[in-house]
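One structure below.
2 protein chains.
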Amino acid sequence: MNVKENIKILVIKKPLKLDCGKTINNFPLAYETYGSLNENKDNAILVFHALTGDQFVTGINPITKKDGWWSYAVGPNKSIDTNKYFVICANVIGGCMGSFGPSHKNPDTNKIYGTDFPVITINDMVNAQINLLDHFKIKKLFSVVGGSMGGMQVLQFISNYPDKAITVVPIACTSSHSAQNIAFNELGRQAIASDHNWSDGKYLSNNTLPDKGLSVARMAAHITYLSKKGLQEKFGRKLQERDSLKFGFDADFQIESYLRYQGSVFVDRFDANSYLYITRAMDYFDLVKQFDGNLSHAFKKTKAKFFVISFTSDWLYPTQENKDIVIALNAIGADVGFVEIKSDKGHDSFLLDVPDFLKTLKNFLDKSYLEI
Amino acid sequence: MNVKENIKILVIKKPLKLDCGKTINNFPLAYETYGSLNENKDNAILVFHALTGDQFVTGINPITKKDGWWSYAVGPNKSIDTNKYFVICANVIGGCMGSFGPSHKNPDTNKIYGTDFPVITINDMVNAQINLLDHFKIKKLFSVVGGSMGGMQVLQFISNYPDKAITVVPIACTSSHSAQNIAFNELGRQAIASDHNWSDGKYLSNNTLPDKGLSVARMAAHITYLSKKGLQEKFGRKLQERDSLKFGFDADFQIESYLRYQGSVFVDRFDANSYLYITRAMDYFDLVKQFDGNLSHAFKKTKAKFFVISFTSDWLYPTQENKDIVIALNAIGADVGFVEIKSDKGHDSFLLDVPDFLKTLKNFLDKSYLEI
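Top line first, the protein sequences correspond to chains A and B.
Residue numbering for the first sequence follows our numbering, starting at -13 and increasing by one per position.
Residue numbering for the second sequence follows our numbering, starting at -13 and increasing by one per position.
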C-alpha cells in the first residue's frame, strides 16, 4: 500500500477527546471532494464510507487505480449529482488511506503505532469529521449520507450535531451492532491475529504483512455482503475453468475462485490493523445504549428530514433493524421516509447497480433540495 | 488427539472404488453401537454423523470425555430409543476418530497421508458404511437417520441401496450444496491453509498443529449453525465479565468469548486435514447432478418411507432446500412425511434440546416400527 502525497489532508489541530479517554490533536484527516461548493454554501453533502471504503468515492481512485467505491451513486447526473452538490468524504480515523491510523508513527516514540493506536469509535470518527465543516466554512450540510458503517456515522453525526444537516440518509445500517454482526467481525479479527506475520500488530516494524489472515477476514466478510439467493444465481455450483471436479483442494468452484480473488486483491489496498480498529468501532456502536435504551432520544434535538433505506436480501443489517430507526423517529414525530428496496444482491446492494435504489436516492435528494 | 485402542474397528477388506478413481482396501472403519440387535435383526438404525461428529453418538465419548453429539436424541426412552433399537454409527472415512483418514499412515510409504489422502465423497462414505450391514448380518435396516452432512449420507445411502432401509429420515440437510455452503466451507479451508503450521498438510510429520487456523475455521462454521435471532437472544451485546467496554481487542462481548472458546476446544478433538477432506466431500455433494438434474430419479427404486425434517431458523440448510427433497419424492408418489419445526436455535436445532423435534422424531420411528 502506497499512500501517495497527492492525498488531501486536513490537519486537525483542535484536541479531540476520544471515547477511550485519550485525547489526540494535530492529527491528519484525509478527504476528497467532488463538485463545487456554491456561493450560499448550501449544497454540501458529507458522505461517510463503510468498513473498507475510503475518501475516493467516485471516479478513479488514485491509489488503487480502480473505480471509487460509490461510482454508481455519485457523479454528474447520478443519484448524488456532482453537477449540483458538493460532495465531501473523509477517510475515517483508524483507517489506512491517509487519516490518522495504526499504520502511522507515534510522534512521542517515533515508532509505528500498531495496536498501541487508541481504540476509536463511530462517535470519534464523526467528531473528527465535523472539522471539515469549519474548514469549508459550511454552516449546515444539505445532507449526510452513508451505507453500512457509513449509515452508523450518519446516525451518530445527526445525534451529535442536530442542526448541522438538513437531510439525513442512513442506508442498510443499524443503530446497534447485533451479536451476529460482532461474531463475524470477531471472526475476521481472529483470522488476522492468527496470521504468523501479524506479530501482535507489529508487522510494519518487522517488514512483514499478515496478508493471509487479512485475506481470510475479507473472505468471511464478503460472504456476509451477498445474499444466499444472489450467490446461488451468480455462482451456484458452476465450475472454474474445468469440465469436472478435480478431487483436490484447488478452486473447483467459481465461488471458491471468486472468494480467493476478493481476498487477494483486498490485501493490496488495506491495512490489517486498520481492519481490527474499524471492525472494533462497528462492534462498539450502540446508539440505543448511548441514549439509555431509548433510540428516539438520539434524534429529539434535530429538525432534519430523514430517509431510511433498506434492502430485502440484506441479512447483515436486515430491514427490521433499519425499521427500528424509523420507529424511533416516528415516536417523536420526526420527518422520516422509509423504503425497502427489492434486491437479491444482499447488503452490497447499496454499492451496486440497483436502479430502484439509485433512482430513489436521487429523487429524495433532488426533491428535498428544491424545498430548501 | 489420542485415538484410543478401545475404539471398535471394522477392517474393510473388500476393495472400495472411490469417486476420485482410486481404490482402497483393508482400511479401518471405526464404529460404535448402542442397544441390542434383536433376533429378527429388524431393529437396527444406522445413524450418520455431521461434519465434526463421530461414532460416539450418545453417553460419554470415551475420547473427549464429553457427552456424545446426539445425547438429546439417542438413548433409553429417547427419540431413538436404545431400549428398542440397535443403533450403529460409524466415523466417516476421511474423519479422525479411527476411520481411514488423512492422519493415517500410507502403508506404501509409511508416511502420514496428509493431503496425499484421496479426496472422498459422501458417496464413498456410505459405500464404506454399507459393510457394517454384512458385519452385523443385517439384511435391512429399520432406519437410516442423520442431520446436516448426516442427512446427505441418508439420501445417498437410500439412493445407492434402495432396499436396505425401511424408513429414511434426512434432517436439516440438502440434496445439493449451495454456493453459500461452499463459500463458508472454503473460508474454513483457507483459514486452515493460511496457518503457518499447516505446512501444506504435513504438520503431523513436522510435529506442529495448525490450531489457530482450525480454530478460525470452527468459529466461522459455528456462526452458521446458529440463527441471528438465537444469537441475539442468547448473547446480544452482553459483556464478558466486565461492566464496561475496555477499548482493546480482548473479548469484551460474551459472543466473542464464546466463539474463541468454541474454537479452542475444537482443536483438541479434531484434525485439520480431516476438516479439509470432510468439507470437500460436502461441497462435492450434488445428488441432483448425480441423477442428471432430476432428484426424483435418486429415489425411484426404493419403497422406503421417508420423513423429512427442517427447522424454521436454519439458514445453512433452509426449509426450502429440505422441501425440494419432499417435492422430488412426491413427484414419484413416494411415501413421504415432512415437518418444519419451529425453533430459534438455527441449524444446530437438530443437536439441541428442541422438544417438538425430539417428540416428532420419536413418534415417526416408534409408529413406523409398529407397522413392520
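Think of the CB as a built atom: it goes at the ideal place given N, C-alpha and C, for glycine as much as any other residue.
Beta-carbon proximity check, residue i vs residue j, cutoff 7 Å
i                : j                : result
MET83 (chain A)  : ALA16 (chain A)  : yes
VAL33 (chain B)  : PRO156 (chain B) : no
GLY110 (chain A) : ASN77 (chain A)  : It is Asp, not Gly, that sits at residue 110 (chain A) in the sequence shown. Result no, Cβ atoms of ASP110 (chain A) and ASN77 (chain A) do not sit closer than 7 Å.
ILE124 (chain B) : ALA237 (chain B) : no
VAL130 (chain A) : PHE143 (chain A) : yes
THR305 (chain B) : SER299 (chain B) : no
GLY132 (chain A) : PHE336 (chain A) : no
VAL322 (chain B) : THR346 (chain B) : no
ALA151 (chain B) : LEU127 (chain B) : yes
ILE22 (chain B)  : PHE72 (chain B)  : The identity of residue 22 (chain B) in the sequence shown is Ser, whereas the question assumes Ile. Closer than 7 Å, so yes.
LEU205 (chain B) : LEU262 (chain B) : Residue identity check: residue 205 (chain B) is Met in the sequence provided, not Leu. In this structure, LEU262 (chain B) does not lie closer than 7 Å to MET205 (chain B) by Cβ.
LEU281 (chain A) : SER161 (chain A) : yes
Assigned exposure category for residue i - 16 Cβ within 10 Å defines buried
i                 : result
ASP339 (chain B)  : exposed
VAL(-3) (chain B) : exposed
PRO341 (chain A)  : exposed
PRO14 (chain A)   : buried
GLU25 (chain A)   : exposed
GLY279 (chain A)  : exposed
ILE74 (chain B)   : buried
THR95 (chain A)   : exposed
LYS275 (chain A)  : exposed
LYS291 (chain B)  : buried
GLU219 (chain A)  : exposed
LYS214 (chain A)  : buried
ASN12 (chain A)   : exposed
SER230 (chain A)  : exposed
LYS356 (chain B)  : At residue 356 (chain B) the sequence reads Leu, which differs from the Lys that was named. By the 10 Å Cβ count, LEU356 (chain B) comes out exposed.
Residue range of the unbroken beta strand (DSSP E) whose run includes residue i
i                : result
SER260 (chain B) : First-last for SER260 (chain B): 258 to 270, but that is the alpha helix (DSSP H), not the beta strand (DSSP E).
SER243 (chain B) : Where SER243 (chain B) is concerned, there is no enclosing beta strand (DSSP E), although the alpha helix (DSSP H) it sits in stretches over 240 to 252.
Residue i - DSSP class collapsed to helix/strand/coil
i                  : result
GLY279 (chain B)   : coil
ASP181 (chain A)   : coil
PHE42 (chain A)    : coil
LYS(-6) (chain A)  : strand
LYS67 (chain A)    : Reading off the sequence shown, one finds Asp at residue 67 (chain A), where the question assumed Lys. Correct three-state label for ASP67 (chain A): strand.
TYR355 (chain B)   : helix
LYS0 (chain B)     : coil
GLU25 (chain A)    : coil
LYS345 (chain A)   : helix
LEU200 (chain B)   : helix
LEU127 (chain B)   : strand
VAL33 (chain A)    : strand
GLU18 (chain A)    : strand
LEU302 (chain A)   : coil
GLY100 (chain B)   : helix
ALA151 (chain B)   : strand
VAL105 (chain A)   : coil
SER145 (chain A)   : helix
ASP5 (chain B)     : coil
PHE122 (chain B)   : coil
PHE86 (chain A)    : coil
LEU173 (chain A)   : helix
LEU190 (chain B)   : coil
VAL(-11) (chain A) : Caution applies to VAL(-11) (chain A), whose pLDDT of 49 falls short of 50 and renders its modelled position unreliable; the value that the coordinates give is listed next. Coil.
Anticipated Cβ contact below 8 Å, residue i with residue j, distance rounded
i                : j                 : result
ASP269 (chain B) : ILE168 (chain B)  : 5 Å
ILE313 (chain B) : GLY81 (chain B)   : With 8 Å as the limit, ILE313 (chain B) and GLY81 (chain B) do not qualify as a contact, their Cβ atoms being about 32 Å apart.
ASN20 (chain A)  : THR44 (chain A)   : According to the sequence displayed, residue 20 (chain A) carries Tyr and not Asn. Going by Cβ atoms, the distance from TYR20 (chain A) to THR44 (chain A) rounds to 6 Å, so yes, they are a contact pair.
TYR211 (chain A) : ASP334 (chain A)  : 4 Å
ILE106 (chain B) : ALA258 (chain B)  : With 8 Å as the limit, ILE106 (chain B) and ALA258 (chain B) do not qualify as a contact, their Cβ atoms being about 16 Å apart.
ASP272 (chain A) : ARG223 (chain B)  : 6 Å
LEU4 (chain B)   : PRO93 (chain B)   : At roughly 16 Å, the Cβ-Cβ gap does not stay under 8 Å, so LEU4 (chain B) and PRO93 (chain B) are not in contact.
LEU200 (chain B) : VAL253 (chain B)  : 5 Å
THR48 (chain A)  : ASN(-8) (chain A) : The sequence given here has Pro at residue 48 (chain A), not Thr. 6 Å between Cβ atoms; contact.
PHE235 (chain A) : GLN226 (chain A)  : Contact flag wrong, Cβ pair sits at about 13 Å.
Continuous alpha helix (DSSP H) stretch holding residue i: start and end
i                : result
ASP339 (chain B) : Here ASP339 (chain B) belongs to no alpha helix (DSSP H), and DSSP marks it neither H nor E.
ASP321 (chain B) : Element bounds for ASP321 (chain B): not the alpha helix (DSSP H) but the beta strand (DSSP E), 321 to 327.
THR305 (chain B) : 305 to 316
SER230 (chain A) : Counting along the chain, SER230 (chain A) falls outside any alpha helix (DSSP H), and DSSP gives it neither H nor E.
PHE292 (chain B) : No alpha helix (DSSP H) contains PHE292 (chain B), which is instead part of the beta strand (DSSP E) from 291 to 297.
ALA76 (chain A)  : Careful: ALA76 (chain A) lies outside any alpha helix (DSSP H), inside the beta strand (DSSP E) at 72 to 76.
GLN218 (chain A) : 214 to 220
Check: residue i C-beta below 6 Å from any heavy atom of the ligand SAM
i                : result
VAL325 (chain B) : Because no ligand of any kind appears in the structure shown, any question about the ligand SAM cannot be addressed here.
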